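Chemist: Numbering (the numbering used here), first residue to last: 102 to 164.
Here a beta-carbon is modelled for each residue, glycine too, at the ideal position from N, C-alpha and C.
For clarity, every value in this text was computed on a predicted model and none was experimentally measured.
(1) Relative to the alpha-carbon of residue 156, which residue among 137, 145 and 111 has its alpha-carbon at the smallest distance?
(2) Rank 114, 139, 159 and 149 by C-alpha distance to the C-alpha of residue 128 and give the top, closest one.
(3) Would you call residue 105 buried or exposed, if buried means 16 or more other Cβ atoms sit within 10 Å of its Cβ?
(4) If we require 4 or more residues per run, which alpha helix (DSSP H) segments fall completely within the segment 104-154?
(5) Here's the rule: buried if 16 or more other CB atoms are within 10 angstroms of the residue's CB, otherwise exposed. What is residue 160?
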């Protein structure tokens, strides 16, 4: 995978919109913990939080 660590979020989003799957995968890795923690606040179990986190990224990928 390319190194995206120094690239600003705005540039990564542009790359994702241009179809770069590696940029999307990097964003998933970058934000999955934060999104999971947020989803955990709204759910009863860690499994539900994980499912909701996956759904967030699936929706983002579809757009």
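Modeler: Looking at the atomic coordinates:
(1) Reading the chain shown from its first residue, position 55 is the one you call residue 156. Among 137, 145 and 111, the Cα nearest to that of residue 156 belongs to 137.
(2) In the chain shown, counting from the first residue as 1, residue 128 sits at position 27. Checking every option, the nearest Cα to that of residue 128 belongs to 114.
(3) Sequence index remark: in the chain shown, residue 105 carries index 4 (1-based). The residue in question, residue 105, is buried, as its Cβ has 16 or more Cβ neighbours within 10 Å.
(4) 110-118 and 122-142
(5) Sequence index remark: in the chain shown, residue 160 carries index 59 (1-based). Result: exposed.
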